[in-house]
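Here is the structure we will look at, set down as C-alpha cells.
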Amino acid sequence: MKTILHIIDTTGPGGAETVFIDLLTRLPKNKFKAVVVIRGKGWVYDELIRRGVTPVLLDAKGSFNWRYLLQLRKIIKQEGVDLIQSHLLGSNVYSALVGLLTGVPVVATFHGAVDIGENERLKGLKFAAINFGTKRIIAVSENLRADIISRTRVNKNKLRTIYNGIAIDEFSRPASDAIRDKFGWSKNTIIVGSLGNVRTAKAYDILLHAAALLKNKSEKFKFVIAGQCNTGLYDKLLSLRAELKLDNDVYFLGFNDNPAEFLSNLDIFLLSSISEGFSIATVQAMATGIPVIATKSGGPEEIISHGENGWLVDAGNPLAIKEGLEQLTDNPLILDKMSKKASDQVKTTFNMARTLSAYEAVYNEIA
1 MKTILHIIDT
11 TGPGGAETVF
21 IDLLTRLPKN
31 KFKAVVVIRG
41 KGWVYDELIR
51 RGVTPVLLDA
61 KGSFNWRYLL
71 QLRKIIKQEG
81 VDLIQSHLLG
91 SNVYSALVGL
101 LTGVPVVATF
111 HGAVDIGENE
121 RLKGLKFAAI
131 NFGTKRIIAV
141 SENLRADIIS
151 RTRVNKNKLR
161 TIYNGIAIDE
171 FSRPASDAIR
181 DKFGWSKNTI
191 IVGSLGNVRT
201 AKAYDILLHA
211 AALLKNKSEK
221 FKFVIAGQCN
231 TGLYDKLLSL
241 RAELKLDNDV
251 YFLGFNDNPA
261 EFLSNLDIFL
271 LSSISEGFSI
281 ATVQAMATGI
291 PVIATKSGGP
301 EEIISHGENG
311 WLVDAGNPLA
321 IKEGLEQLTD
331 NPLILDKMSK
341 KASDQVKTTF
351 NMARTLSAYE
361 AVYNEIA
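Take 1 as the starting number for the sequence shown in full-length UniProt numbering and just add one per residue.
Shown next, in the form of C-alpha cells:
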C-alpha cells in the first residue's frame with residue numbers, strides 16, 4: 001500500500017480539477033491511500049466531500065509561502081507519504097521543493113500552456129525547482145509535452161504523456177430537451193453548446209463573432225455556454241454580445257455541475273479555444289454521442305481525426321467555425337458517422353481505466 005499526497009493550486013471547477021479529483025478517488029484503494037491538500041473551500045472541496053474524501057485545507061497566499069512548504073513537510077512525515085502527485089504550476093513548484101526536503105518522489109502534472117507561458121514570473125527558477133525536485137513530469141498531450149520541452153529546460157527524459165480519461169458510463173444517456181423547452185425553441189433549432197469557464201483561452205469572443213456570421217444567413221442556430229462567469233472578461237463578452245445583437249442567440253448559463261446532463265441537450269458541441277492542453281470537455285462530448293467541432297488549439301488535434309470522429313477548424317477564425325457548422329448541419333450523414341466513431345474512440349483511448357493504469361505504471365517506476 002502506497003500513500004500518495006495529492007496537491008492542486010485551485011479550488012474552483014475546471015478540467016484540471018476534475019482530473020485531480022478523478023485520479024485520487026478512482027485509483028485502486030487496495031493499492032493506494034490518498035492524502036489530499038487543497039488551498040481552501042470551493043467546488044473542489046465540495047466535490048471531494050461528496051465523494052467521501054476529507055481534504056486538508058492549507059493557505060498558500062503570497063508569491064512564496066514558507067509556512068505552507070513546512071506544513072506540507074509535516075504532513076508528509078505524519079502520514080508516511082511515499083509519493084507526491086501535484087497538478088498545475090504552483091503546486092508543482094511546492095511539491096518539487098518539499099520533495100527535495102524530504103526525499104519523497106514527486107510526479108508533477110501539467111494541464112495547459114498557461115503554466116509555461118513566457119510571461120510567467122520567475123519562470124526559470126520555478127522550472128529549475130521542478131526539474132531537480134521531480135521524478136516524473138506528466139503532460140496531458142503530446143502537444144503540451146513538446147511545448148514544455150521547447151519553452152523550459154526540464155530534463156525531457158522525465159517527461160511522460162498521459163491522456164486524460166473519463167468515466168464513459170456517466171456520459172451514456174439519452175438526449176434531453178430541457179434546454180430546448182426552457183427557451184421555447186422549436187425542433188428545427190440547432191443547439192450548439194460549449195463547456196468551459198469564461199477565460200481568455202476559451203475564446204468565447206470568437207464564438208460570438210461566428211454566431212453573428214451565422215445569424216446573417218440563418219436564425220436556426222442557438223448557442224449555449226456552460227461555465228463559471230465570475231470574471232471581468234464576462235462583462236466584456238456581454239458587451240460584445242449586445243454589440244453584435246446576439247442577446248437572443250447566445251446564452252451564458254453559468255457553472256453546471258453536471259456536464260453529462262448539459263451535453264445531452266446539444267445538437268453540436270463547439271470548442272472555440274485558442275489554447276488547450278488537452279480538452280476533457282471535447283472527450284466528454286464525444287462520449288455523449290454528439291458531433292464535435294473543435295479548433296486546432298493543441299490537445300484537440302490528438303483527440304480528433306478531421307472528418308472521421310470530429311471536425312477541426314483553425315483557431316481564432318470565426319469564419320472557419322461558421323463554415324464548419326454549416327458544412328456539418330448540411331450533411332446529417334456525416335454527423336451520424338462522426339458521432340459513432342467519436343464514441344468508439346473515447347471507449348478505446350480516453351477511458352478512465354487507461355488513464356489510471358498509466359499513472360499507476362509511473363508510480364510503480366519511482367516509488
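Beta carbons are placed, not taken as given, at the ideal position from N, Cα and C, and that holds for glycine.
Fair warning: this is a prediction, and the values are worked out from it, not measured in the lab.
Check each candidate in A128, D169 and L207 and name the one with the smallest Cα separation from L246. L207
Name the DSSP bridge partner or partners of T3? K33
From which residue to which residue does the beta strand (DSSP E) around I149 run? Looking at the DSSP string, I149 is not in any beta strand (DSSP E); the run it does join, the alpha helix (DSSP H), is E142 to R151.
At which residues does the beta strand (DSSP E) containing T295 begin and terminate? From DSSP, the beta strand (DSSP E) with T295 extends over V292 to T295.
Cβ-based neighbour list, R51, same chain, cut-off 8 Å, excluding 5 preceding and 5 following: I21 and T25
Is it true that the CB of I138 sits closer than 9 Å to the CB of T109? Yes, they are a contact pair.
Best match in T152, Y45, D330 and I274 for proximity to V313 [C-alpha to C-alpha]: I274
Using a 10 Å radius around the Cβ and a threshold of 16 neighbouring Cβ atoms, would you call L57 buried or exposed? exposed
What's the call for T288, buried or exposed, on a 16-neighbour Cβ count within 10 Å? buried
So does the region 149-163 actually touch the region 183-190, counting three or more Cβ pairs closer than 8 Å? no
Can the beta-carbon of E38 be found less than 9 Å from the beta-carbon of P13? Here residue 38 is Ile; the residue named in the question, Glu, does not match the sequence. Not in contact: I38 and P13 (Cβ atoms no closer than 9 Å).
Whole-Å CB distance - A167 paired with I321, under 8 Å assumed: Not really, about 29 Å apart at Cβ, beyond 8 Å.
Along the chain, where does the beta strand (DSSP E) that runs through H87 open and close? L83 to H87
Under DSSP, the beta strand (DSSP E) around V313 begins and ends at which residues? W311 to V313
Short of 6 Å in beta carbon distance, which residues of its chain neighbour S194, apart from the five on each side in sequence? Order them along the chain. I225 and L270
Can you look up H111 in the DSSP assignment and give me helix, strand or coil? coil
What residues in its chain sit with their C-beta under 7 Å from that of G196, if we drop five residues either side in the sequence? K202, G227 and A281
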